[in-house]
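Working notes, beginning with the structure itself.
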Amino acid sequence: MRFAFSCFTLFVFALLCSTGEGLSLPAAGDTTPRRRTARSARNPSGWSVSSVTAYLWNNSTQPLYLKSCEMAEGIFDTFPNKTTAVGWTDNFSSESDGDGSTKGACSWGIGLTGEVLLIAWDDPMLGENSYQIVINPGTYFTVSYTGGTGYHTTINVLVNTWGRENMTQT
133 MRFAFSCFTL
143 FVFALLCSTG
153 EGLSLPAAGD
163 TTPRRRTARS
173 ARNPSGWSVS
183 SVTAYLWNNS
193 TQPLYLKSCE
203 MAEGIFDTFP
213 NKTTAVGWTD
223 NFSSESDGDG
233 STKGACSWGI
243 GLTGEVLLIA
253 WDDPMLGENS
263 YQIVINPGTY
273 FTVSYTGGTG
283 YHTTINVLVN
293 TWGRENMTQT
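When we follow my numbering, the leftmost residue of the sequence shown carries the number 133, and every step to the right adds one.
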């Protein structure tokens with residue numbers, strides 16, 4: 133009877149591990165924080181070493197129109213909306229897909245002004261996070277951000293019209 137129980141236990145354990153629902157233990161000495169995420173074709177285990185969530189606050193006088201979004205490393209967990217209306221907030225997030233890093237960039241047109249908001253991020257498996265958050269040419273609008281440290285980070289990006297920097301988001 134003991135032999136049958138052992139074989140059954142091994143069979144169940146092997147079945148669970150092959151479907152990705154079983155245990156996934158880190159290597160000895162590995163203290164990297166991990167987060168369970170949705171499984172995908174590129175991330176079959178569902179484990180993410182790093183992730184970035186961005187909240188985009190449009191406190192300007194113009195809507196934001198998504199122009200492009202692409203990932204160099206990792207995958208999108210939540211894709212940004214095509215339009216962020218005046219006074220509204222949008223969010224998007226990315227996560228690593230097995231290599232431990234998430235790196236990408238999105239750009240938005242600001243109304244019909246010709247100005248472009250760029251948000252680029254790099255959350256590597258090793259090292260510090262980096263961000264490039266700018267408006268080009270920056271004639272009518274300003275941008276600022278807070279947050280952005282750690283493996284599973286959140287950043288808040290605030291777009292303003294020049295002269296509205298001290299107004300609060302409602």
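Glycine residues also receive a C-beta, built at the ideal position from the N, C-alpha and C atoms.
Just so you know, these numbers come straight off a predicted model, no measurement behind them.
{"Item": "Cα-Cα, which of Trp-294, Ser-182, Ala-186 is closest to Cys-238?", "Value": "Ala-186"}
{"Item": "Entirely within the region 212-287 and at least 4 residues each: give me those alpha helix (DSSP H) ranges in chain order.", "Value": "none"}
{"Item": "Between which two residues does the beta strand (DSSP E) holding Trp-189 run?", "Value": "183-191"}
{"Item": "Please tell me whether Ser-226 and Met-257 are closer than 8 angstroms, where the distance is taken between their beta carbons.", "Value": "no"}
{"Item": "Can you tell me whether Pro-269 is buried or exposed? The criterion is at least 16 other CB atoms within 10 Å of its CB, across all chains shown.", "Value": "exposed"}
{"Item": "Using beta-carbon positions only, say whether Trp-189 and Val-266 come within less than 8 angstroms of one another.", "Value": "no"}
{"Item": "Note down, in chain order, each residue of its chain lying with its Cβ closer than 7 angstroms to the Cβ of Thr-293, except the 5 sequence neighbours on either side.", "Value": "Ser-192, Thr-193, Tyr-272, Phe-273"}
{"Item": "Within its chain, find whatever has a CB closer than 6 angstroms to the CB of Thr-286; leave out the 5 residues flanking it on each side and keep chain order.", "Value": "Thr-185, Gly-279"}
{"Item": "Answer with buried or exposed for Leu-198, where buried requires no fewer than 16 other C-beta atoms within 10 angstroms of its C-beta.", "Value": "buried"}
{"Item": "Check whether the Cβ atoms of Asp-222 and Gly-206 lie closer than 8 angstroms to each other.", "Value": "no"}
{"Item": "On the premise that Val-181 lies in contact with Tyr-283, defined as a C-beta separation below 8 angstroms, what is that separation, rounded to the nearest angstrom?", "Value": "7 angstroms"}
{"Item": "Leaving aside the five residues before and after Asp-254 along the sequence, list all residues of the same chain whose C-beta is less than 7 angstroms from its C-beta, in chain order.", "Value": "Lys-235, Asn-261, Ser-262"}
{"Item": "Look at the Cβ atom of Leu-244, then the Cβ atom of Thr-216, and state whether they are nearer than 8 angstroms.", "Value": "no"}
{"Item": "Express the C-alpha separation of Gly-259 and Ile-251 in angstroms, rounding to a whole number.", "Value": "20 angstroms"}
{"Item": "Buried or exposed: Phe-211, going by 16 or more other Cβ atoms within 10 Å of its Cβ?", "Value": "exposed"}
{"Item": "From Lys-214 to Val-275, what does the alpha carbon distance come to, in whole angstroms?", "Value": "19 angstroms"}
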